[in-house]
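In my numbering, the protein residues as written are 105 to 329.
Ideal Cβ placement from N, Cα and C applies to all residues, glycine included.
Note that the structure is a prediction, hence the values are computed from the model and not measured.
Now the structure itself:
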């Protein structure tokens, strides 16, 4: 059964009242699927035949890089959709393997049924178009990030992005293990690079606060990479 109070918080169904959502779903076919921790939701390369929305729990998207290492692309928490930008097109296949981080429930709407929803509700249509546009922008930024060759370049890019143009300090929300997974490296390798950057006077880390001491040099790492 769908918890509509959760569903309406999804980017796709935002702004659509609970009762209106309930009426829409009474006119289509759908499933609510349950997954245990570490269960595979979909394999990368599978054809996208359903729109999935995480109703509870969270899942992660991962891919294998050119060296054979597993790189975590992102965690997807409830109530976000999966691969909404890949529902249509010639190569409508899942770009990553999706695995449950913990027990999770996902709403599965067949593509033909989702098309019916889009035709019935213009707010949903606008939300969907906004969602796939935002997704395209995220993937563009991710590709740019993966183009950096060294761990140091990736760390410099991440730190500059987190601090922004106006600030030199920010509160780090990720653990070193999470960052290592994001960068596709081991935790000791990341720790070594962070230590080197502190010794070189580029950054200072105090508990969760990261201060960029030399933004100009950090930027030069990216330009010379």
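Contact with chain D by residue i, beta-carbon distance below 7 angstroms
{"i": "residue 131", "result": "The structure shown has no chain D; it contains just one protein chain."}
Residues near residue i in its chain [Cβ-Cβ closer than 6 angstroms; skip 5 each side]
{"i": "residue 301", "result": "307"}
{"i": "residue 264", "result": "322"}
{"i": "residue 138", "result": "209"}
{"i": "residue 338", "result": "Because the chain spans 105 through 329 in this model, residue 338 falls outside it and cannot be assessed."}
Other residues of its chain near residue i: CB distance less than 8 angstroms, five sequence neighbours each side excluded
{"i": "residue 225", "result": "120, 124 and 128"}
{"i": "residue 232", "result": "116, 188 and 222"}
{"i": "residue 294", "result": "255, 259, 280, 283, 284 and 287"}
Distance between residue j and residue i (C-alpha atoms, nearest Å)
{"i": "residue 132", "j": "residue 266", "result": "42 angstroms"}
{"i": "residue 174", "j": "residue 219", "result": "34 angstroms"}
{"i": "residue 153", "j": "residue 289", "result": "33 angstroms"}
{"i": "residue 210", "j": "residue 186", "result": "10 angstroms"}
{"i": "residue 107", "j": "residue 143", "result": "22 angstroms"}
{"i": "residue 292", "j": "residue 303", "result": "16 angstroms"}
{"i": "residue 102", "j": "residue 238", "result": "Nothing can be reported for residue 102, as the shown portion of the chain is limited to 105 through 329."}
{"i": "residue 189", "j": "residue 305", "result": "42 angstroms"}
{"i": "residue 281", "j": "residue 122", "result": "39 angstroms"}
{"i": "residue 244", "j": "residue 195", "result": "17 angstroms"}
{"i": "residue 172", "j": "residue 126", "result": "44 angstroms"}
{"i": "residue 135", "j": "residue 273", "result": "46 angstroms"}
{"i": "residue 151", "j": "residue 217", "result": "16 angstroms"}
{"i": "residue 191", "j": "residue 262", "result": "30 angstroms"}
{"i": "residue 319", "j": "residue 268", "result": "10 angstroms"}
{"i": "residue 296", "j": "residue 242", "result": "28 angstroms"}
{"i": "residue 130", "j": "residue 277", "result": "41 angstroms"}
Nearest to residue i (by Cα), restricted to the options the options
{"i": "residue 221", "options": "198, 116 and 309", "result": "116"}
{"i": "residue 286", "options": "311, 166 and 206", "result": "166"}
{"i": "residue 110", "options": "145, 160, 138 and 156", "result": "160"}
{"i": "residue 229", "options": "105, 113 and 118", "result": "118"}
{"i": "residue 112", "options": "242, 157 and 246", "result": "157"}
{"i": "residue 183", "options": "212, 196 and 299", "result": "212"}
{"i": "residue 271", "options": "243, 178, 317 and 311", "result": "317"}
{"i": "residue 257", "options": "105, 298 and 310", "result": "298"}
{"i": "residue 155", "options": "193, 137, 105 and 214", "result": "214"}
{"i": "residue 114", "options": "295, 247, 235 and 251", "result": "235"}
{"i": "residue 246", "options": "178, 130 and 315", "result": "178"}
In DSSP terms, what residue i is bridged to
{"i": "residue 167", "result": "175"}
{"i": "residue 307", "result": "316"}
{"i": "residue 180", "result": "163"}
{"i": "residue 120", "result": "Paired residues: none, contrary to the question."}
{"i": "residue 157", "result": "185 and 211"}
{"i": "residue 137", "result": "210"}
{"i": "residue 202", "result": "146 and 165"}
Cβ distance (whole Å) where residue i is taken to contact residue j below 8 angstroms
{"i": "residue 200", "j": "residue 180", "result": "Contact flag wrong, Cβ pair sits at about 10 angstroms."}
{"i": "residue 326", "j": "residue 260", "result": "6 angstroms"}
Own chain, CB closer than 7 angstroms to residue i, minus 5 neighbours either side, in chain order
{"i": "residue 148", "result": "167, 198, 199, 200 and 201"}
{"i": "residue 140", "result": "204 and 207"}
{"i": "residue 176", "result": "164, 166, 285 and 286"}
{"i": "residue 227", "result": "119 and 120"}
{"i": "residue 275", "result": "312 and 313"}
{"i": "residue 315", "result": "272, 273, 307 and 308"}
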